[in-house]
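Undergrad:
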Amino acid sequence: VVTSNGGVVSVKGVKLICPPGAVDDPVAIKLILEETNKYCGLILNHGLENELKFGAPIINCQPNGQMFKKHVKFVVAVDSEKENSIEAFLVLHGTPTEGGKIYWEDVTRNSKFDLENKEFSVKIDHFSLIAVLVRLAWVQTKEIATRLNLISFKYMLSVLFKSSRPNLPFDELAFVFMSRDIYREQFYREHDDCALMK
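The opening position of the sequence shown corresponds to residue 795 in the numbering used here, with each subsequent residue numbered one higher.
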């Protein structure tokens, strides 16, 4: 239980430090270390199995959605090898959304790494999931976060054609309108594999 005076919660390789004033009323906190194999789909379903691996268990922070008036700090032991550099690590903060999906936010910039002691620290302002990934290949973190959050969606597509000259076999495409933004697309709109181009 953490009170307005702050407190520390520890479980195998993970320490949560709550500063004074982070909460007003006492909060019963539970940290659950989940096996990474439960989240293998996070990597496999997005074709990242050759580019990422987990560097620590998934930390399920309860109560889910708990907000803090001051940032709380996690110190987490990581599975690092000598050849790993700080740039190889990616720290994600996962928030459950509708339909059981998880929206992953890249919080690596809020993290500090100590490879000598094989640990990192990260500050967050609310509870959800924390995942630590190690890049096996050089992939931009923005691209990884985008691919992990890529979800299918339904949209209406309106296509207007301009009648071509009688001797041409096809009408000419004049205008295309999509009813939903495609900002979650993995590719730019000019790429052959984006939904708009398809």
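All residues carry an ideal CB built from backbone N, CA and C; glycine is no exception.
1. Quick check: the segment 804-818 against the segment 880-889, are at least 3 beta-carbon pairs closer than 8 Å?
2. Kindly indicate which three-state DSSP category asparagine 854 falls into: helix, strand or coil?
3. Can you tell me whether threonine 797 is helix, strand or coil according to DSSP?
4. Beta-carbon separation of lysine 824 and glutamine 856 under 7 Å?
5. Per DSSP, what kind of secondary structure is alanine 822 in: helix, strand or coil?
6. Considering only C-alpha positions, which residue in the set Leu846, Val872, Pro820, Thr891 is nearest to leucine 909?
7. What do you reckon, are the CB atoms on valine 869 and glutamate 913 nearer than 7 Å?
8. By alpha-carbon positions, which one of Val796, Phe848, Gly801 ends up nearest to glutamate 828?
9. Isoleucine 853 and isoleucine 924: beta carbons closer than 7 Å?
10. Quick check on the burial criterion: 16 or more other C-beta atoms within 10 angstroms. Buried or exposed for glycine 801?
11. Does DSSP put valine 808 in a helix, a strand or coil?
12. Whole angstroms are fine: how far does the CA of alanine 850 sit from the CA of asparagine 911?
13. Which class does lysine 912 belong to by DSSP, given the choice of helix, strand or coil?
14. How would you call leucine 967, buried or exposed, if buried means at least 16 neighbouring beta carbons within 10 angstroms?
15. Name the two residues that bound the continuous beta strand (DSSP E) containing glycine 888.
16. Within the continuous beta strand (DSSP E) that includes isoleucine 880, where are the two ends?
17. Alpha carbon to alpha carbon, what distance is there between phenylalanine 969 and glutamate 899?
18. Measuring straight from C-alpha to C-alpha, what distance separates leucine 846 and phenylalanine 883?
19. With DSSP as the reference, identify every bridge partner of lysine 832, one or two as the case may be.
TA: Taking the definition as stated:
1. no
2. strand
3. strand
4. yes
5. coil
6. Val872
7. yes
8. Phe848
9. yes
10. buried
11. strand
12. 14 Å
13. coil
14. exposed
15. 883-890
16. Careful: isoleucine 880 lies outside any beta strand (DSSP E) and carries neither H nor E.
17. 35 Å
18. 9 Å
19. Partner(s): none; lysine 832 has no beta bridge.
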